[in-house]
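Taking it in order: structure first as structure tokens, then the write-up.
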Amino acid sequence: MAATTILADEVSAACDSADCVPNVAHNVVEGTPCQPRPSFVFGLDANRGTLICAAHGAWVRVGPLIGTRELALPCERPGDTAQEPLAGNDLQPRTPGVPLKCAHINGATRWVHFP
Numbered sequence: 001m002a003a004t005t006i007l008a009d010e011v012s013a014a015c016d017s018a019d020c021v022p023n024v025a026h027n028v029v030e031g032t033p034c035q036p037r038p039s040f041v042f043g044l045d046a047n048r049g050t051l052i053c054a055a056h057g058a059w060v061r062v063g064p065l066i067g068t069r070e071l072a073l074p075c076e077r078p079g080d081t082a083q084e085p086l087a088g089n090d091l092q093p094r095t096p097g098v099p100l101k102c103a104h105i106n107g108a109t110r111w112v113h114f115p
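The following block contains the structure:
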């Protein structure tokens, strides 16, 4: 029973800052090499600026990392970034840690995958 309660608490816990996003690299430097992968690609520089390990294998500056969010849900500021949570409330299989950005799509702002 205790394990179920802990798991449920972890799933429902809100993450509204870069500090609670799992597997974020620290002290990365823009333009330096990194190992691209489909998930867990965020990094913070020495000043806590947000970077992402781009497909071409280098750290690239992006908008602020504001926590974990769900794909397609509304967001507030285009350009903000987030990471899909480790677990969700749906039955669809998915890869945890996929990067998201807030974008203006069809008259609304929504969380979308990076292109």
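Residues in the sequence shown are numbered consecutively from 1, following our numbering.
For each residue, glycine too, the CB sits at the ideal point set by N, CA and C.
So, is residue i buried or exposed, given that buried needs 16 or more other C-beta atoms within 10 angstroms?
i, result
"residue 111", "buried"
"residue 30", "exposed"
"residue 83", "buried"
"residue 143", "Absent from the structure is residue 143, since the part of the chain shown begins at 1 and ends at 115."
Can you give me the start and stop residues for the beta strand (DSSP E) that residue i sits inside?
i, result
"residue 67", "65 to 68"
"residue 113", "108 to 113"
"residue 75", "First-last for residue 75: undefined, no H or E at that position."
"residue 31", "No beta strand (DSSP E) contains residue 31, which DSSP labels as neither H nor E."
Mind reading off the beta-carbon distance from residue i to residue j? Whole number of angstroms is fine, and I expect it under 8 Å.
i, j, result
"residue 114", "residue 99", "5 Å"
"residue 21", "residue 68", "6 Å"
"residue 18", "residue 65", "4 Å"
"residue 54", "residue 36", "7 Å"
- Message: Assess contact between the stretch 72 to 79 and the stretch 31 to 50, defined as three or more Cβ pairs (one per stretch) separated by less than 8 Å. Is contact present?
- Response: no
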